[in-house]
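Note that my numbering numbers the sequence shown so that position 168 is 168, with each residue one more than the last. A short worksheet on the structure shown next.
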Amino acid sequence: MKFLKILYVQVIIGIILGVLAGWLFPSFAPAAKLISDTFINMIRMVIAPVIFCTIVSGVAGAGDLKKVGRVGLKTLIYFEVVTTLALIIGLIVANVVKPGAGVNFTATANTQVSTISSQAKDLNWGEFFSHIVPPNVVDAFAKGDILQVLFFSVLFAVGLKLMGDSGHSLLTGFEKINKVLFNILKIIMRLSPIGAFGGMAYTIGKFGFATLLVLGKLLITFYLTSFLFIFVVLNLVCFYFKINLWRLLAYV
């Protein structure tokens, strides 16, 4: 059956099997969590390198240095503006749908949320812009701090561009590494049914069937937010740059 080779069909099957496994074998939950966490870690493993190589290849491969500077500045501004709009849309939809209503969080989780909230309230614009510059590049990559990785990527690309023709071979190398990373990402995505299975088996095994309603509301929130982001924010960006939205979505 050809439809079984389609990835999202495999993900749905993985979810169904995960629900059954969590229901029938609750003791399997700890092992299922390991499967889910491993899959998530695999995705996080390649995010920062993909961003770095993509930005370096794109910015350093541009024309003159002034153009590189403009592209770098536009990249940072675009990232900030689009991320802010995505957060606003997410907050609005989350407050309307309330996907987490009815979930009993542990004391540890409540403490973590309170800590993050207090830190966010204390953060000012000066500290925010200071945070963009990583004190340690390796640490930025290790923590997956996307904004710091983005800043270093643009700076690295400018430095590579200043090398002139002597940096061309290095640029070609980054372009090839970028292709390798995307191939790795494709391999990881093929494992997403296993990750979905592990996540659902752990959730149902540990918290029971009551969480299915919460997860359903969470999925509605996710898809509604994604829909609004694509057809409001991304559509405006495509209109400004005179890009066909449907062709872009088909390419992605």
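Beta carbons are placed, not taken as given, at the ideal position from N, Cα and C, and that holds for glycine.
Option nearest residue i by Cα separation, candidates the options
{"i": "ASN178", "options": "VAL9, LYS2, ILE13 and SER57", "result": "SER57"}
{"i": "ALA29", "options": "THR38, GLY18 and PHE39", "result": "GLY18"}
{"i": "ASN95", "options": "LYS176, THR225, LYS2 and TYR240", "result": "THR225"}
{"i": "ILE12", "options": "PHE197, ILE230 and LEU228", "result": "PHE197"}
{"i": "LYS176", "options": "THR84, LYS206, LEU219 and CYS53", "result": "CYS53"}
{"i": "VAL253", "options": "VAL9, PHE207, VAL180 and PHE3", "result": "Outside the modelled stretch of the chain, which goes from 1 to 252, sits residue 253, for which no answer is possible."}
{"i": "VAL59", "options": "PRO135, LYS98 and PHE151", "result": "PHE151"}
{"i": "SER130", "options": "GLN148, PHE3, LEU24 and VAL138", "result": "GLN148"}
{"i": "LEU34", "options": "PHE209, TYR202 and TYR251", "result": "TYR202"}
{"i": "LYS66", "options": "PHE182, LYS161 and ALA210", "result": "LYS161"}
{"i": "LEU185", "options": "VAL138, TRP23, VAL9 and ILE43", "result": "ILE43"}
{"i": "GLY195", "options": "GLN10, LYS2 and PHE3", "result": "GLN10"}
{"i": "THR75", "options": "ASP139, VAL137, ALA157 and GLY22", "result": "ALA157"}
N- and C-terminal bounds of the alpha helix (DSSP H) containing residue i
{"i": "VAL154", "result": "146-162"}
{"i": "PHE3", "result": "Careful: PHE3 lies outside any alpha helix (DSSP H) and carries neither H nor E."}
{"i": "LYS186", "result": "168-190"}
{"i": "GLY58", "result": "29-60"}
{"i": "ILE243", "result": "Careful: ILE243 lies outside any alpha helix (DSSP H) and carries neither H nor E."}
{"i": "LEU228", "result": "210-228"}
{"i": "ASP139", "result": "137-143"}
{"i": "PHE129", "result": "125-132"}
Assigned exposure category for residue i - 16 Cβ within 10 Å defines buried
{"i": "GLY144", "result": "exposed"}
{"i": "ILE51", "result": "buried"}
{"i": "GLY216", "result": "exposed"}
{"i": "PHE5", "result": "This sequence places Lys at residue 5; Phe is not what is there. Classification for LYS5: exposed."}
{"i": "VAL253", "result": "The structure shown has nothing for residue 253, since the chain only spans 1 to 252."}
{"i": "THR108", "result": "Because THR108 carries a pLDDT of 49, less than 50, the predicted location of this residue cannot be relied on, and the following value inherits that uncertainty. Result: exposed."}
{"i": "PHE241", "result": "exposed"}
{"i": "SER27", "result": "exposed"}
{"i": "THR84", "result": "exposed"}
{"i": "LEU7", "result": "exposed"}
{"i": "VAL232", "result": "exposed"}
Nearest-angstrom beta carbon gap, residue j and residue i [assumed within contact, 8 Å]
{"i": "MET163", "j": "ILE15", "result": "Between ILE15 and MET163 the Cβ distance is about 49 Å, and since that is not below 8 Å, they are no contact."}
{"i": "ALA48", "j": "PHE141", "result": "5 Å"}
{"i": "VAL154", "j": "ILE55", "result": "6 Å"}
{"i": "ILE243", "j": "VAL97", "result": "Contact flag wrong, Cβ pair sits at about 30 Å."}
If you pair each beta-carbon of the stretch 186-202 with each one of the stretch 31-47, do three or more pairs fall below 8 Å? yes
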